[in-house]
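Presented below is the structure to which this report refers.
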Amino acid sequence: MKPQLQQEFSKIYHKEATRTFFSPGRVNLIGEHIDYNGGLVMPCAITFGTYMLVSPNNDNVFRFKSLNFDETAEIPLQESYIKHGTDWYNYPIGVIAYFLQQDKKLQGLDILYYGDIPIGSGLSSSASIEVVTAFALNELFNIGFTKLELVKLSKWVENVFIGLNSGIMDQFSVAFGEKDKALMLNCDTLEYQAVDSNLGDNVLAIINTNKPRKLAESKYNERVQECQSALKALQQELDISYLCDIDTKKFDQYKHLITNPTVLKRATHVIAENDRVKLAAKALSDNNLEEFGRLMYASHDSLRDLYEVSGIELDTVVEYARTNPSVAGARMTGAGFGGCAIALVKANDFDNFSKGVIDYYTEKIGYAPSVYKSMIGDGVKEINFL
Ligand code: ADP
Ligand code: MG
246 MKPQLQQEFS KIYHKEATRT FFSPGRVNLI GEHIDYNGGL VMPCAITFGT
296 YMLVSPNNDN VFRFKSLNFD ETAEIPLQES YIKHGTDWYN YPIGVIAYFL
346 QQDKKLQGLD ILYYGDIPIG SGLSSSASIE VVTAFALNEL FNIGFTKLEL
396 VKLSKWVENV FIGLNSGIMD QFSVAFGEKD KALMLNCDTL EYQAVDSNLG
446 DNVLAIINTN KPRKLAESKY NERVQECQSA LKALQQELDI SYLCDIDTKK
496 FDQYKHLITN PTVLKRATHV IAENDRVKLA AKALSDNNLE EFGRLMYASH
546 DSLRDLYEVS GIELDTVVEY ARTNPSVAGA RMTGAGFGGC AIALVKANDF
596 DNFSKGVIDY YTEKIGYAPS VYKSMIGDGV KEINFL
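Okay, so the sequence shown: first residue is 246 according to my numbering, each after it adds one.
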């Protein structure tokens, strides 16, 4: 249950928070491993997120407290900042550092965070805390950055201040997410379309395999290389800049140019997955959840067999989903090798699904997954409660 955040704030700071902000986590509904191939992703914001309660102070310090972590920090307002080891408050400090670098005038703040996103599970609690902080500073000090500028500066925090190499999808989806809409996004051009995605009497189940994601980075780099080889081979005869510049039909005519069978499998996934995203957008806006579910399963199978980034844990979740008649579709989401799967499940049968998948997975894998019930929620916003 969510703690009484305003009370917690008062206990810590002996005054009331003046403003409260919220930013969600995100999942990618479909379109996996194609962002670096010029393809389309289709993430949405989830109804789990990060709350930020704040009150200005006259002490020229930033005080940081999070109900999710024990460490607290009191850091003077100064001209520049560097990262403090692996402390959690590097994320908000990175945001503040960016504002100050741009000569924006800030004042000291007393801040309390609380997140109900499972941290470190691939649901982007990091983008959530970055974006909520950037949004809040922008509002509190009337800075006037656009939402897209807030997205880009939050990505800068993740990539440069924290030092993690990741794309823009996470910050974009937590900032631009909308209730009951998926975002069909090209991560290069940042062109996007908000797709009506009413899940009807279904919910979005998020199943965390609880498997540590060890392999992810090296395999990710390997896949990027393989896609570059595929592109090079196709460029012998095609004038394209990305694999996703062609569809499956065209690919079938030219795929003989790719002689390495592994590289051929990778390209086959990428191009078909990009086609699936477009079909999924149509299925969702037509309210055809059966078709959307079919595409989710097809995406998973392709990531398992052609792209080879799934693993026994994610496969076990999807295998169970297929046996449960209340599930329209399921797939791994994120880079793979662990992390989370998602499933579209009848709301009334969610508890039954949750118990079923926990039992099936625990029996086969030896430890339990965590299961969350979500909907497609709003992006970053100010809220008036707590
Ligand atoms: P993910 O983004 O998949 O959840 P990351 O490792 O990228 O995992 O980001 C998690 C980090 O983000 C945490 O270790 C912490 O530093 C920061 N963070 C996220 N949510 C909170 C929170 N509610 N309070 C404090 N720090 C948070
Ligand atoms: Mg993260």
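The C-beta atom is built at its ideal place from N, Cα and C for all residues, glycine as well.
Fair warning: this is a prediction, and the values are worked out from it, not measured in the lab.
Would you decide whether residue i is buried or exposed? Buried here means 16 or more other CB atoms lie within 10 Å of its CB.
i    : result
V469 : exposed
P269 : buried
L435 : exposed
I557 : exposed
A545 : In the sequence on display, residue 545 carries His and not Ala. Label assigned to H545: buried.
T607 : exposed
T454 : buried
Q416 : buried
Y612 : exposed
D492 : exposed
D484 : exposed
R567 : exposed
G574 : buried
T295 : buried
S369 : buried
D355 : buried
Tell me residue i's beta-bridge partners as DSSP assigns them.
i    : result
T578 : C585
K618 : A450
E316 : E316 is not bridged to any residue.
E423 : K426
I356 : V299, F309
E375 : Bridge partners of E375: none, in fact.
N431 : L285
Q438 : M429
E627 : F266
P321 : V306
Does the distance between the C-beta of residue i and the nearest non-hydrogen atom of the ligand ADP fall short of 8 Å?
i    : result
D415 : yes
A420 : no
W401 : no
L354 : no
P363 : yes
F314 : yes
S615 : no
T607 : no
Y359 : yes
S366 : yes
T295 : yes
G270 : yes
I291 : no
N335 : yes
Taking the alpha-carbon of residue i as reference, which of the options has the nearest alpha-carbon?
i    : options                : result
F537 : Q481, Y358, V522, Y336 : V522
S373 : A575, N273, S399, D355 : S399
G284 : Y499, N447, L479, Y437 : Y437
A588 : F496, E564, K260       : E564
Y358 : A613, F266, V572       : F266
E315 : W333, F307, L298       : The question names Glu, but residue 315 is Asp in the sequence shown. Comparing Cα positions, the closest option is W333.
N569 : S599, G579, I291       : S599
G353 : E394, F344, L322       : L322
D433 : V272, D280, G622, I275 : D280
S300 : V272, L351, G339, N335 : L351
V377 : F386, G389, L395       : L395
R661 : A420, Y499, V562, Y542 : Since the first residue shown for the chain is 246 and the last is 631, residue 661 is missing from the structure and cannot be characterised.
A592 : A586, K618, G389       : K618
L548 : D441, A586, N629, K424 : A586
Y258 : T317, I388, N313       : T317
G412 : E627, K247, P288       : P288
N648 : S571, V572, T507, M541 : For residue 648 there is no data in the structure shown, the boundaries of the chain being 246 and 631.
G601 : A450, F386, V515, V402 : A450
I364 : N313, S442, T331       : N313
G624 : L393, H329, G579       : L393
A461 : G408, C472, K424, G584 : G584
A478 : K456, K494, N505       : N505
V515 : Q481, A526, A475, Q347 : A475
Check whether the Cβ of residue i lies closer than 8 Å to any heavy atom of the ligand MG, and answer yes or no.
i    : result
S370 : yes
L398 : no
S311 : no
A411 : Here residue 411 turns out to be Ser, not Ala, going by the sequence shown. S411 Cβ: within cutoff of the ligand MG.
Are the C-beta of residue i and some C-beta of chain B separated by less than 9 Å?
i    : result
Y334 : Given the protein chain composition of this structure (a single chain), no chain B is represented.
Cβ-heavy atom distance between residue i and the ligand SAH below 8 Å?
i    : result
S373 : For the structure depicted, the ligand SAH is absent and the ligand set comprises only the ligand ADP and the ligand MG.
Problem - Uninterrupted alpha helix (DSSP H) stretches inside the segment 264-313 (no shorter than 4 residues) - result: none
Problem - Uninterrupted beta strand (DSSP E) stretches inside the segment 441-477 (no shorter than 3 residues) - result: 447-453
Problem - Ranges of the alpha helix (DSSP H) found wholly within the segment 522-607, counting only runs of at least 4 - result: 534-550, 557-568
Handout entry: alpha helix (DSSP H) segments (min. 4 residues) lying fully within the segment 489-523
Key = 493-499
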